[in-house]
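J.: Read top to bottom, the protein sequences are chains E and A. The opening position of the first sequence corresponds to residue 248 in this note's numbering, with each subsequent residue numbered one higher. The opening position of the second sequence corresponds to residue 203 in this note's numbering, with each subsequent residue numbered one higher. All C-beta atoms in this analysis are idealised placements derived from N, C-alpha and C, irrespective of residue type, glycine included. Quick one: structure below, then a few questions.
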Amino acid sequence: MPIWIRGLPIDVRGRTKGVFMLKNHYVQRFLQSWKIFIENPLGKTGVIILFVFMVMALASFVVPHINPMYDPMIGIDPNISISTGPSLTHWLGTDNVGRDLFAQLLEGAKVAFIVGLSSAFFSIVLGMVIGMISGYAGGTLDTFLMRTADIIMVLPSLVILLILSSLFGQFNIWIIVFIIAIMRWPAVSRVIRSQTLSLKHRPFIEASKVAGASHLRIIFRHIMPNVLPLAFLYMTFRVTSAILVEAALSFLGFGDPSQVSWGMMLQWVWKSGNMFHAPYWLLPPGISISLLTLAFYLLGRAMDEVLDPRLRKEGRA
Amino acid sequence: MKKIIELKNLKKHYPVHGGVLRRQTASVKALDGVDLDIYKGECIGLVGESGCGKTTLSKVIIRLCDSTSGKIILHTKKNGQSNLEDITKMSLRGMKKKGIRNKLQMVFQDPATSMNPRMLIKNIIAEPICEQQKISNIELEKRVVELLELVGLNRNHLLRYPHEFSGGQRQRIAVARAIATNPEFLILDEPTSALDVSVQAQILNLLNELRQRLNLTYMFVTHHLLVVKYISDRIAVMYLGKIVEICQTEELFNNPMHPYTYALLSGIPSTDFENKPQRIVLSGDVPSPLYPPKGCSFHTRCPFVIDDCKILEPSLLEVSEGHKSACHRKEEIQKLILDKFNINGFK
Numbered sequence: 248m249p250i251w252i253r254g255l256p257i258d259v260r261g262r263t264k265g266v267f268m269l270k271n272h273y274v275q276r277f278l279q280s281w282k283i284f285i286e287n288p289l290g291k292t293g294v295i296i297l298f299v300f301m302v303m304a305l306a307s308f309v310v311p312h313i314n315p316m317y318d319p320m321i322g323i324d325p326n327i328s329i330s331t332g333p334s335l336t337h338w339l340g341t342d343n344v345g346r347d348l349f350a351q352l353l354e355g356a357k358v359a360f361i362v363g364l365s366s367a368f369f370s371i372v373l374g375m376v377i378g379m380i381s382g383y384a385g386g387t388l389d390t391f392l393m394r395t396a397d398i399i400m401v402l403p404s405l406v407i408l409l410i411l412s413s414l415f416g417q418f419n420i421w422i423i424v425f426i427i428a429i430m431r432w433p434a435v436s437r438v439i440r441s442q443t444l445s446l447k448h449r450p451f452i453e454a455s456k457v458a459g460a461s462h463l464r465i466i467f468r469h470i471m472p473n474v475l476p477l478a479f480l481y482m483t484f485r486v487t488s489a490i491l492v493e494a495a496l497s498f499l500g501f502g503d504p505s506q507v508s509w510g511m512m513l514q515w516v517w518k519s520g521n522m523f524h525a526p527y528w529l530l531p532p533g534i535s536i537s538l539l540t541l542a543f544y545l546l547g548r549a550m551d552e553v554l555d556p557r558l559r560k561e562g563r564a
Numbered sequence: 203m204k205k206i207i208e209l210k211n212l213k214k215h216y217p218v219h220g221g222v223l224r225r226q227t228a229s230v231k232a233l234d235g236v237d238l239d240i241y242k243g244e245c246i247g248l249v250g251e252s253g254c255g256k257t258t259l260s261k262v263i264i265r266l267c268d269s270t271s272g273k274i275i276l277h278t279k280k281n282g283q284s285n286l287e288d289i290t291k292m293s294l295r296g297m298k299k300k301g302i303r304n305k306l307q308m309v310f311q312d313p314a315t316s317m318n319p320r321m322l323i324k325n326i327i328a329e330p331i332c333e334q335q336k337i338s339n340i341e342l343e344k345r346v347v348e349l350l351e352l353v354g355l356n357r358n359h360l361l362r363y364p365h366e367f368s369g370g371q372r373q374r375i376a377v378a379r380a381i382a383t384n385p386e387f388l389i390l391d392e393p394t395s396a397l398d399v400s401v402q403a404q405i406l407n408l409l410n411e412l413r414q415r416l417n418l419t420y421m422f423v424t425h426h427l428l429v430v431k432y433i434s435d436r437i438a439v440m441y442l443g444k445i446v447e448i449c450q451t452e453e454l455f456n457n458p459m460h461p462y463t464y465a466l467l468s469g470i471p472s473t474d475f476e477n478k479p480q481r482i483v484l485s486g487d488v489p490s491p492l493y494p495p496k497g498c499s500f501h502t503r504c505p506f507v508i509d510d511c512k513i514l515e516p517s518l519l520e521v522s523e524g525h526k527s528a529c530h531r532k533e534e535i536q537k538l539i540l541d542k543f544n545i546n547g548f549k
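Have a look at this one:
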């Protein structure tokens with residue numbers, strides 16, 4: 248039975264060696280990059296912090312099942328009606344209606360990942376497609392797309408979000424994700440465009456034109472694989488900004504009220520008047536936001552080093 | 203002899219914009235009226251120094267860029283009858299629709315950059331086939347292996363990336379890609395200049411062998427005269443966007459009829475120190491193709507310039523059978539050269 252690799256069938260019996268070589272090649276390249284990545288102190292720190300938050304985000308699925316009162320949104324400890332400090336039953340204490348703060352912190356980690364990764368993903372996809380098309384097409388289309396990008400780039404995204412949410416009421420978390428994505432594609436598309444400009448004059452693009460490839464095929468088959476690493480690099484930076492925007496929005500009271508997030512926790516501690524009485528409530532979400540954004544930033548920096556050999560220090564492979 | 207491609211007064215001018223309003227102020231005349239007939243089954247060599255329009259000519263023929271004026275006529279066969287196809291303004295897609303895109307293919311200069319570094323060899327070779335024919339995957343793989351074997355590689359190379367090959371192997375892959383769709387006419391844009399000499403010979407032999415086996419027609423673009431002497435049946439010499447002399451290879455080396463050809467050929471290094479011909483060193487640089495000189499474009503550097511050369515543009519006229527030269531003094535040029543430089547052909 249033939250197996251399929253990159254659109255062509257490979258007969259396993261005849262060519263196991265070939266298939267093995269291919270896999271080996273991918274694995275080798277990945278391991279090589281991983282080595283550079285993990286040897287970098289920045290990358291290592293980033294990965295460790297990220298790992299901790301990932302465990303937290305996963306734990307948020309488990310916690311409500313241990314005891315219903317640990318549900319971050321609706322679980323209330325019946326014995327408590329004011330904000331209390333850390334105790335054995337509530338590791339970080341409770342908020343003013345008796346909800347567990349640690350459970351909320353875990354839930355916040357999950358939401359931060361969802362918001363950060365998905366809005367970064369959408370903005371990368373948008374930015375990459377627009378950047379590639381505008382770089383490849385050139386001319387009027389290029390001018391139009393890049394001026395649009397300029398306009399969006401200079402708009403203050405937080406203010407726009409505030410205005411929109413005060414006009415339309417409180418947004419669902421996914422709408423916030425999409426708005427962040429739409430506000431954040433221009434920077435990506437500029438970078439991708441410049442990369443495309445240098446790629447489109449390479450002889451292999453001309454060669455595939457001679458072979459009869461259509462423009463779309465050239466863009467997605469020849470240019471995209473060559474800009475993808477760069478897009479991933481920018482994705483890590485987008486994650487950082489998306490998390491920050493969501494937190495700011497929630498803190499200002501324009502977040503999704505049905506969703507616990509770190510920004511929301513900050514908003515509640517402020518609204519309930521515990522800002523200066525309950526450091527156990529105020530500090531954890533604040534520190535978490537800083538640490539998670541820091542982790543993604545470090546990740547991006549380390550990735551930059553993998554992708555751009557010029558940034559590597561002497562003596563490192 | 204049947205023609206396969208006819209070029210009629212082909213011109214390619216690149217506009218130059220200047221001033222505040224970015225208006226067109228001048229144009230670089232990369233091709234300035236090229237007439238050329240290419241016959242089926244031959245290998246025509248195109249020589250000339252850098253910037254004379256060799257690569258532009260090949261790009262215009264393959265339709266990678268549009269010509270400014272002139273005509274490119276492709277002779278094809280339709281239902282057994284010969285058919286003329288004017289492809290001057292035809293888009294790549296239009297050519298694909300008519301099924302003539304696959305008749306023309308090209309091998310590029312540098313095999314290192316003419317292949318996508320992130321594609322497997324089999325996908326690189328399969329690309330033109332997939333684009334132009336509907337073919338099942340199993341057949342496609344068979345065809346790719348067949349092509350690889352045709353250029354002296356084997357199926358173990360299918361699943362590798364271009365960077366895992368040497369320069370010569372890469373050029374073989376580029377050739378395999380070019381012949382994948384059974385083309386009739388192949389443009390070879392300096393296919394050997396990025397390779398070292400021993401590998402050059404291998405590639406040239408491969409190309410010669412393929413030409414005979416697959417009944418191909420070549421246009422071999424190069425600045426390397428010995429390579430072109432080895433592979434071509436006819437040679438066209440270009441200077442500043444024009445063809446100045448064209449004839450059979452033997453004839454060109456024995457009886458050149460244009461002073462520029464003499465200068466070009468006298469630059470070939472020779473190991474025969476006793477009978478070494480004197481070198482004709484041209485004074486000055488190639489004139490800018492922005493403002494080519496009036497009259498004969500070579501008159502600024504020609505040692506035998508007369509008044510006519512500065513006013514009248516010489517046309518490419520037949521001197522003897524199959525030998526054309528664009529020079530006002532083509533009849534007497536051999537005597538002039540013999541008197542002044544003591545050169546009598548390049549054997």
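1) Threshold first: 3 residues or longer. Then list the beta strand (DSSP E) segments lying entirely within the region 348-405 of chain E, N to C.
2) Please return the same chain residues whose Cβ sits closer than 8 Å to the Cβ of Gln337(A), not counting the five positions on each side in sequence.
3) Against chain A, which members of the region 449-478 of chain E pass a CB distance test of less than 7 Å?
4) At a CB-CB cut-off below 9 Å, which residues of chain E make contact with Phe367(A)?
5) From Arg346(E) to His337(E), what distance separates their C-alpha atoms?
6) Which chain E residues sit within Cβ distance under 9 Å of Ser269(A)?
7) Straight-line CA distance for Asn358(A) to Lys324(A)?
8) Where Met522(E) and Thr331(E) are concerned, what is the direct C-alpha to C-alpha distance, given to the nearest angstrom?
9) Would you kindly check if the distance between the Cβ of Ser436(E) and the Cβ of Gly378(E) is under 8 Å?
10) In the DSSP assignment, find the unbroken beta strand (DSSP E) run with Val353(A) in it and report its ends.
11) Since Gly333(A) meets chain E, which of its residues come closer than 9 Å, beta carbon to beta carbon?
12) Taking the DSSP output, what are the residues bridged to Val435(E)?
13) Would you list the one or two residues that DSSP bridges to Thr419(A)?
14) According to the neighbour-count rule (16 or more other Cβ atoms, all chains shown, within 10 Å of its Cβ), is Val446(A) buried or exposed?
15) Under the rule that 16 or more other beta-carbon atoms within 10 Å means buried, what is Asn456(A), buried or exposed?
16) So for Gln307(A), helix, strand or coil by DSSP?
17) Just mark Arg531(A) as buried or exposed, buried being the case when its beta carbon has 16 or more other beta carbons within 10 Å.
18) So with CB distances below 8 Å, who are the chain E contacts of Phe310(A)?
19) For the region 266-295 of chain A, enumerate the residues whose C-beta is nearer than 7 Å to any C-beta of chain E, in chain order.
20) In the structure shown, what three-state DSSP assignment does Ile263(A) receive?
21) Pairs of beta-carbons, one from the region 456-472 of chain A and one from the region 272-279 of chain A, closer than 8 Å: are there three or more?
22) Assign Asp510(A) to one of three DSSP states: helix, strand, or coil.
23) With 8 Å as the threshold, decide whether the Cβ of Met421(A) is near any Cβ in chain E.
24) At a cut-off of 7 Å, is Asn281(A) close to the ligand HEM when judged by its beta-carbon and the heavy atoms of the ligand?
25) At a Cβ threshold of 8 Å, is Ser151(A) touching chain E?
26) What span of residues does the alpha helix (DSSP H) with Glu452(A) cover, start to end?
27) Let me know the secondary structure DSSP gives Leu546(E) once reduced to three states.
28) Considering only DSSP beta bridges, list what Pro217(A) is partnered with.
29) Here's the rule I'm using: 16 or more other beta-carbon atoms within 10 Å means buried, otherwise exposed. How should Asp541(A) be labelled?
30) Cβ closer than 9 Å: which chain D residues qualify as neighbours of Glu208(A)?
31) How about Val488(A) and Leu442(A): do their beta carbons lie closer than 8 Å?
32) Taking all protein chains shown into account, do 16 or more other C-beta atoms lie within 10 angstroms of the C-beta of His525(A), making it buried, or fewer, making it exposed?
33) Check whether the Cβ of Gln373(A) lies closer than 8 Å to any Cβ atom in chain E.
T.: Once the coordinates are examined:
1) none
2) Strictly speaking, residue 337(A) in this sequence is Ile, with Gln absent from that position. Cβ within range, chain order: Ile331, Arg345.
3) Arg449, Pro450, Phe451, Glu453, Ala454, Ser455, Lys456, Val457, Ala458, Gly459, Ala460, His469, Pro472, Asn473
4) The premise fails here: Phe367(A) is roughly 14 Å from chain E at the closest Cβ pair, so nothing lies under 9 Å.
5) 9 Å
6) The contacting residues do not exist; Ser269(A) stays about 16 Å from chain E at best.
7) 10 Å
8) 13 Å
9) yes
10) Note, Val353(A): premise wrong, no beta strand (DSSP E); not H, not E.
11) Per the sequence shown, the amino acid found at residue 333(A) is Glu instead of Gly. Under the 9 Å cutoff, chain E gives Ser455, Ala458, Gly459, Ala460, Ser461, Arg464.
12) Beta-bridge pairing links Val435(E) to no other residue.
13) Phe387(A)
14) buried
15) exposed
16) strand
17) buried
18) Pro450, Glu453, Ala454
19) Leu266, Leu294
20) helix
21) no
22) helix
23) no
24) The ligand HEM is not part of this structure, which contains no ligands at all.
25) In this structure chain A extends from 203 to 549, so residue 151(A) is not present and cannot be described.
26) 451-456
27) helix
28) Ser229(A)
29) exposed
30) Among the protein chains in the structure shown, which are E and A, there is no chain D.
31) yes
32) buried
33) no
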